[in-house]
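Numbering (the working numbering), first residue to last: 2 to 245.
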């Protein structure tokens, strides 16, 4: 029997992970929870369907993290893709309490960004981290005809205003100097054919730049890299290696 995995959210990324899990002899799909009852195999999460689960993967929304994270962590480990949910201080504290009380772990994959190992490595010497996210207006549900700056400020406000679009900002903040000190700029650009994230990190160590131009998945708000990152992270967590 393979490692048992539960999925919350069967959208673009959830469907990709479902296919990979079902095609692997090292994993077993334990359940699917989704707002679309025709996709779901369970209607709720409780002690019964969370028992003997090795990992639950959230790939639904920040709202799903708020609703289920603490409950899952009472029974097993959790990986979340909607890291923007943790911009809410009360939720971050609630999750921290659950992890410590029940001895479970919370994992966050790198998602649509690369180079997080570099951010972590120089964390003690980081002085500033800036993120510029540029997407086609469709990714924001907009119809802008020219480049438009939607937001400029700290990562906490960015994540709370655009929870479906700037998980990268939240993930950077959580791995680096925090939500308040991490700066984010969000741009709607009709010329964009890729979701572009540019990170500039500076500190006593010097400086480095990271630029990712990720082709959108079927969901224009989501990068295909995010799905690949999630699959790699599952393998690391459950098998202790990067690839199945």
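We put the CB at the ideal spot given by N, CA and C, even for glycine. These figures come from a predicted structure and were not determined experimentally.
Which first and last residues belong to the beta strand (DSSP E) in which residue i is found?
i	result
residue 153	149-155
residue 74	No beta strand (DSSP E) holds residue 74; the alpha helix (DSSP H) holding it covers 63-74.
residue 57	56-59
residue 132	127-136
residue 5	4-9
residue 79	79-81
Measuring from the CB of residue i, is there a heavy atom of the ligand FMN at a distance below 6 angstroms?
i	result
residue 112	Among the components modelled here there is no ligand, and therefore nothing to report on the ligand FMN.
Ignore the nearest five residues each way along the sequence and tell me which others in residue i's own chain have a CB closer than 8 angstroms to its CB.
i	result
residue 155	180, 181, 182, 183, 184 and 185
residue 173	114, 117, 120, 130, 132, 156, 183 and 200
residue 228	13, 14, 17, 18 and 218
residue 103	74, 75 and 76
residue 99	70, 71, 74, 75 and 105
residue 92	66, 67, 70 and 86
residue 96	70, 71, 74, 87 and 107
So is residue i buried or exposed if we call it buried at 16+ other beta carbons inside 10 Å?
i	result
residue 166	buried
residue 73	buried
residue 7	buried
residue 231	buried
residue 59	buried
residue 176	buried
residue 111	buried
residue 12	buried
residue 10	buried
residue 142	exposed
residue 2	exposed
residue 234	buried
residue 52	exposed
What residues in its chain sit with their C-beta under 6 angstroms from that of residue i, if we drop five residues either side in the sequence?
i	result
residue 200	132 and 211
residue 62	83
residue 43	32, 34 and 50
With a threshold of 7 angstroms on Cβ separation, who are the neighbours of residue i within its own chain once the five nearest residues in sequence on each side are excluded?
i	result
residue 198	113, 114, 132, 134, 169 and 213
residue 159	152, 167, 170, 185 and 187
residue 127	177, 178, 202 and 204
residue 216	195 and 225
residue 22	6, 28 and 30
For the alpha helix (DSSP H) that residue i lies in, which residues bound it at each end?
i	result
residue 120	117-122
residue 14	13-23
residue 29	Not the alpha helix (DSSP H): residue 29 falls in the beta strand (DSSP E), residues 28-34.
residue 235	225-240
residue 92	90-103
residue 51	48-51
Would you say residue i lies against chain B (beta-carbon separation less than 7 angstroms)?
i	result
residue 208	Going by chain labels, chain B is absent from the structure shown, which holds only one protein chain.
Fill in: Validate contact between the region 132-141 and the region 185-193 using beta carbons, cut 8 angstroms, 3 pairs
yes
Item to complete: Give a yes or no on contact between the region 80-88 and the region 23-38, applying the rule of three or more CB pairs nearer than 8 angstroms.
Response: no
Discussion item. Quick check for students: name the residue ranges of the alpha helix (DSSP H) that lie wholly in the region 144-214, counting only runs of 4 or more.
Written reply: For the region 144-214, whole alpha helix (DSSP H) runs of length 4 or above, ordered along the chain, are 156-162 and 168-176.
Worksheet item: Does the region 142-151 come close enough to the region 62-77 that 3 or more CB-CB pairs lie under 8 angstroms?
Response: no
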